[in-house]
Amino acid sequence: MSFYVYLSGEIHTSWRDEIIGGAQEHQLDIIFTSPITDHAASDAAGDMLSADVSSESPFWRDHQSAKVNAIRTQTLIEQADLVVVRFGQEYKQWNAAFDAGYCAALDKPYITLHDDNIIHPLKEVNAGAKARASTTAQVVEILRYVLKA
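Position 32, counted from 1, in the sequence shown is what full-length UniProt numbering calls 32; the numbers after and before it change by one each time, with no gaps.
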């Protein structure tokens, strides 16, 4: 039986590849899913819904694309056995915080992954998490424990 893990959050570093690689190294039966990680493609996800995107206000373009992206995000989070939510240093990831809140509302277990210097602003998000990791290796160890212990 495969374990489904959704990898949410920051898209500018290789953290997803590190977790997937670590899981493969330990021969864990995990199917990983994630949001669209191509920033431009994600921003344009709803463009087909408007005849002239160039005349759309930034709000409506973002609104349409957020809804189209939510089809994927909500479905994959609901199907997941566990969600890993990564918060990076460079950008404010409101989408990651939203995903963590959605997990909490669904009573879906999630792990937060972030550096120590943003513990305070994420205190509520971390309070709902089953674990808080600071490295991808820690996430892999949690997955190894859950699946092999």
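The beta-carbon is built from N, C-alpha and C at its ideal position, and this holds for glycine as well.
Chain-order list of residues whose beta-carbon lies under 8 Å from that of residue i (same chain, five-residue window excluded)
{"i": "I77", "result": "Y6, S8, V83, D99, Y102, C103, L106 and K108"}
{"i": "Y91", "result": "E10 and H12"}
{"i": "K148", "result": "H26 and L28"}
C-alpha distance - residue i paired with residue j, whole-angstrom precision
{"i": "R61", "j": "I119", "result": "32 Å"}
{"i": "Q64", "j": "D47", "result": "7 Å"}
{"i": "W94", "j": "R86", "result": "11 Å"}
{"i": "A127", "j": "A45", "result": "32 Å"}
{"i": "R72", "j": "S34", "result": "9 Å"}
{"i": "E124", "j": "A131", "result": "13 Å"}
{"i": "V68", "j": "Q79", "result": "18 Å"}
{"i": "G88", "j": "D17", "result": "15 Å"}
{"i": "V140", "j": "P58", "result": "39 Å"}
{"i": "T135", "j": "D116", "result": "10 Å"}
{"i": "A40", "j": "Q24", "result": "29 Å"}
{"i": "D81", "j": "Q74", "result": "13 Å"}
{"i": "P121", "j": "A97", "result": "11 Å"}
{"i": "A70", "j": "M1", "result": "27 Å"}
{"i": "A66", "j": "L49", "result": "12 Å"}
Residue i vs residue j beta-carbon contact at 8 Å
{"i": "Y110", "j": "A129", "result": "yes"}
{"i": "A133", "j": "G22", "result": "no"}
Presumed contact (8 Å Cβ cut-off) between residue i and residue j, rounded CB distance
{"i": "I20", "j": "F32", "result": "5 Å"}
{"i": "L113", "j": "I30", "result": "Their Cβ separation, rounded to whole angstroms, is 16 Å, which puts L113 and I30 out of contact at 8 Å."}
Own chain, CB closer than 6 Å to residue i, minus 5 neighbours either side, in chain order
{"i": "I36", "result": "S42"}
{"i": "W15", "result": "R86 and T136"}
7 Å Cβ shell around residue i - same chain, five flanking residues per side excluded
{"i": "L51", "result": "Position check: residue 51 holds Ala in this sequence, whereas Leu was assumed. Here the set comprises nothing."}
{"i": "D38", "result": "none"}
> In chain order, which beta strand (DSSP E) runs of at least 3 residues are fully inside the segment 26-79?
Replying inline: Contiguous beta strand (DSSP E) elements confined to the segment 26-79 occur at 30-33, taking only those with 3 or more residues.
>> Please give the ranges of any beta strand (DSSP E) in the segment 92-122, keeping only runs that are unbroken, at least 3 residues long and fully inside the region.
In response: DSSP runs (the beta strand (DSSP E)) wholly in the segment 92-122: 110-113.
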